[in-house]
Amino acid sequence: MMTKANLGKNMPASQQAKHIGKIEKIWWTCLIAVLGVGLYSIISGYFLQGMSSTYLSNIVPWGGWVAFYIYFIGMSAGSFLLSTMIYGFGMEKYEKIGRSALLSAIVCMITAITFIFFDIGRPDHVMNSVIYWNVMSTMSWEIHFYIVYIVLLVTELYFSMRKDLITLAKNNDVKGKLYRILTFNKQEFTAADQIRDKKRLKVMGIIGIPLAVFGVHGGTGSIFAVAKAQPFLNSGLFPLIFILSALVSGTALSIAIYVIKSKVQKQDLDVPMVRSLGSMLALFLGIEFIMVWYEFLIGIYGLEHEELGTIKLLTGSSWWWSFWIFQMGLAMFFPLIILFIKKTRQSVNWILAASIMTIIGVVGVRFNMVVPTLIMPKLEGMPYGNYYPNLSEWLTTFGLIAMCLIIYTLGEKLFPIEQLDSHESSVSKYE
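Counting in the numbering used here, the sequence shown runs from 1111 upward without gaps.
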């Protein structure tokens, strides 16, 4: 019986190229159109009206852009931590997604910084936190961690690709010239070079773990956790939930990118690797569920008025859908059910569905961390806040997400993100 993988494998090269070209044309058309709408919203709204173009207020000063900032920070940290399993701890069975995870980490970090760049209101002052370093400010530390983290990501991606860059530098095209510049015109990649690069990747991966855990995403969680005026957030457990959520979203993103790309390009899938990643995703989801359970349980039994009020807002007010449908449903229960049932956890398509649900659901998780906690009045007599992102905020958000996808697609096109010898070790089987 002919499987989908074999159909793709037996398709003539010209027909396969035509098929991929058609999909790429549709992909680029959609991304450029969405980016164009986003740029129009940014120019007509943000640049001409400033923050008054949003529904933010002095009661709810953080909104959708902050939620997407921590969303993409989590995606970046999670993708990077997944890559450290490969390059830092030698888990070579996941090597096919190593470069993709690093590229995702870089692109998501750029997107996160772009979101917060718009939210701060005065982006022209952003360098002040670098020049005038306040060691007592969590945010000031975060910005310095972000700079080091991005440099580490780019360096690690470079050394993971260096072997293929040297090989492809022999081509007499534009990419070949670029690769010769990047490899300093190195002609040969020796066994000694390979050993040195593996050691470098291992060192960078191990150094990057505390940087990502304590500095980047755990540190981002600390920005919220140290807010004493927000009892729901003011918890030592909160940065840990951030880290677990990062691992969840980063693993789901890596699965989705690998499976969708393989299906679109009619490439063979490494099914055992996808199943193993699905099991890893289930483990992270399970641990995250336990931590969220205790976070809410302690909040309820603590009988703190402000914290109980926030929990009521999350679970029973106009924000109920964000909590029950997105956070508990798409980001937790439905993926867990799929990944715990034997029949579905063995299926690549079901694992992909669970990953996409998780990626979408985590958006709700991030909104629930930011908005409902600000709606609660902090002093007796103060009014409740009211906030939903308006059309301008959503269009800007979609434009920045399109920017993210464009940068990632260009990275895939420009650099050897897929290993040159990956097809030789792939498993020809779709489930």
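Beta carbons are placed, not taken as given, at the ideal position from N, Cα and C, and that holds for glycine.
Whole-number beta carbon distance between Phe1225 and Asp1172, since they are thought to touch under 8 Å
Reading off the sequence, residue 1172 comes out as Trp, not Asp. With 8 Å as the limit, Trp1172 and Phe1225 do not qualify as a contact, their Cβ atoms being about 11 Å apart.
Option in Thr1164, Ile1220, Ile1196, Met1390 with minimal Cα separation from Tyr1518
Comparing Cα positions, the closest option is Ile1220.
Where does Phe1294 fall in DSSP's three states?
Three-state DSSP puts Phe1294 in coil, outside helix and strand.
Give the straight-line distance between the Cα atoms of Thr1506 and Ala1143, rounded to the nearest whole angstrom.
Going by the C-alpha atoms only, they are around 13 Å apart.
Below 6 Å CB to CB, which residues in the same chain sit around Leu1449 once its five sequence neighbours on both sides are set aside?
Close CB contacts of Leu1449 within its chain, under the 6 Å cut and outside five residues either way in sequence, are with Gly1388, Ala1392, Arg1455, Ala1464 (chain order).
Does the beta-carbon of Val1240 have 16 or more other beta-carbons within 10 angstroms, so that it is buried, or is it exposed?
Counting Cβ neighbours within 10 Å, Val1240 comes out exposed, since fewer than 16 surround it.
Tell me which residues share the same chain as Glu1205 and place their Cβ nearer than 6 Å to its Cβ, disregarding the 5 neighbours each side in the sequence.
Within its own chain, the residues whose Cβ lies closer than 6 Å to the Cβ of Glu1205, once the five positions on either side in sequence are excluded, are Ile1196, listed in chain order.
Would you mind sorting Ser1154 into buried or exposed? The rule is 16 or more other CB atoms within 10 Å of its CB.
By the Cβ-count criterion, Ser1154 is exposed, with fewer than 16 other Cβ atoms from all chains shown falling within 10 Å of its own Cβ.
How long is the line joining the alpha carbons of Val1458 and Tyr1368, rounded to whole angstroms?
Looking at the two C-alpha atoms, the distance is approximately 11 Å.
Using the C-alpha atoms, what's the distance from Leu1212 back to Glu1266?
Distance between the alpha carbons of Glu1266 and Leu1212: 8 Å.
Return helix, strand or coil for Asn1478, following the three-state DSSP convention.
The answer is helix: DSSP assigns Asn1478 an H, G or I state.
Quick one: grab the DSSP three-state call for Trp1429.
In this structure, Trp1429 counts as coil in the three-state DSSP scheme.
Run the CB neighbour count on Lys1478, radius 10 Å, all protein chains shown included, and call it buried at 16 or more, exposed below.
It should be pointed out that residue 1478 corresponds to Asn in this sequence rather than to Lys. By the 10 Å Cβ count, Asn1478 comes out buried.
Within a Cβ cutoff of 8 Å, which residues of the same chain sit near Asp1274, ignoring the five residues on either side of it in sequence?
Excluding positions up to five away in sequence, the list reads Pro1526, Gln1529, Leu1530.
What's the gap between the Cα of Phe1399 and the Cα of Leu1446?
Going by the C-alpha atoms only, they are around 10 Å apart.
So, helix, strand or coil for Ser1465, using DSSP?
In this structure, DSSP gives Ser1465 a helical state, which the three-state scheme calls helix.
Identify which residue in Pro1499, Ala1512, Ser1214 has its Cα closest to the Cα of Ala1177.
Closest option to Ala1177, Cα to Cα, is Pro1499.
Among Gly1495, Ile1485, Phe1436, which one has its Cα closest to the Cα of Ile1469?
Nearest option by C-alpha distance: Phe1436.
Can you have a look at Gln1340 and say buried or exposed, based on whether 16 or more other CB atoms are within 10 angstroms of its CB?
Its Cβ being crowded by 16 or more others within 10 Å, Gln1340 is buried.
Nearest CA to the CA of Gly1200: which residue from Val1284, Gly1315, His1235, Ile1216?
Nearest C-alpha to Gly1200: Gly1315.
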